[in-house]
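First comes the structure, then the notes that go with it.
In structure tokens:
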């Protein structure tokens with residue numbers, strides 16, 4: 011037919027050749043370390059919390075409020091809440107990165123960050139309210 015028509019070229023590349031140049035995001039190692047450090051810090055905090063809950067098992071509200079008003083307990087409880095929600099955020103971000111693709115990726119990642127942040131903030135405010143001794147209304 012026409013000698014000037016474009017020809018279709020098939021490029022034979024190996025899997026390595028196709029992957030080369032894409033590279034990593036260079037955030038995997040840091041992300042992995044952050045996950046492990048937060049998990050390691052949750053171990054003693056969670057153990058402390060479980061022991062304290064067994065100790066407070068049969069106590070009334072006033073005793074639990076008195077316990078939560080102690081600075082050491084309030085500090086450890088706030089650290090547990092903050093670390094738990096941070097660890098949850100990091101873990102959920104990995105899930106979103108691995109399994110949510112396309113246009114839904116960015117909004118889902120933002121939703122995870124906002125959701126865990128708000129829930130963590132709610133937990134911290136609750137601990138502060140307990141620690142500062144605001145009496146609950148009884149009715």
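Numbering (this note's numbering), first residue to last: 11 to 149.
The beta carbon of each residue, even a glycine, is placed where N, CA and C say it ideally should be.
Query - Nearest-angstrom Cα separation, counted from residue 40 out to residue 133 - result: To locate residue 133, count along the chain shown from 1; it is residue 123. To locate residue 40, count along the chain shown from 1; it is residue 30. Using only the alpha carbons, I get a separation of about 27 angstroms.
Report task. Compare the beta carbon distance of residue 67 and residue 141 with 8 angstroms and say whether it is the shorter of the two. Result -> Locating residue 67 in the chain shown gives position 57, counting from the first residue. Locating residue 141 in the chain shown gives position 131, counting from the first residue. Contact flag unset, no.
**Report entry** Segment contact flag, the stretch 85-100 with the stretch 120-134, C-beta cutoff 8 angstroms, min 3 pairs
**Finding:** yes
Requested in this report: Within 10 angstroms of the Cβ of residue 126, are there 16 or more other Cβ atoms? Answer buried if so, exposed if not.
Outcome: Translated into the one-based positions of the chain shown, residue 126 becomes position 116. It is buried - the Cβ of residue 126 has at least 16 other Cβ atoms within 10 Å.
Query raised in the report: How would you label residue 122, buried or exposed, when you count the other beta carbons within 10 angstroms and need 16 or more for buried?
Result: Within the chain shown, residue 122 is the residue found at index 112, counting from 1. Classification of residue 122: buried, given that the 10 Å Cβ count is 16 or more.
Query raised in the report: Secondary structure at residue 137, three-state DSSP: helix, strand or coil?
Result: Position 127 of the chain shown, counted from the start, is the residue given in the question as residue 137. Reduced to three states, the DSSP call for residue 137 is helix.
Query raised in the report: Which runs of the alpha helix (DSSP H), 4 residues or longer, sit entirely within the stretch 53-106?
Result: 71-79
Query raised in the report: Taking DSSP as the reference, what is the three-state secondary structure of residue 143?
Result: As a position in the chain shown, residue 143 is number 133, starting the count at 1. Of the three classes helix, strand and coil, the one that applies to residue 143 here is coil, per DSSP.
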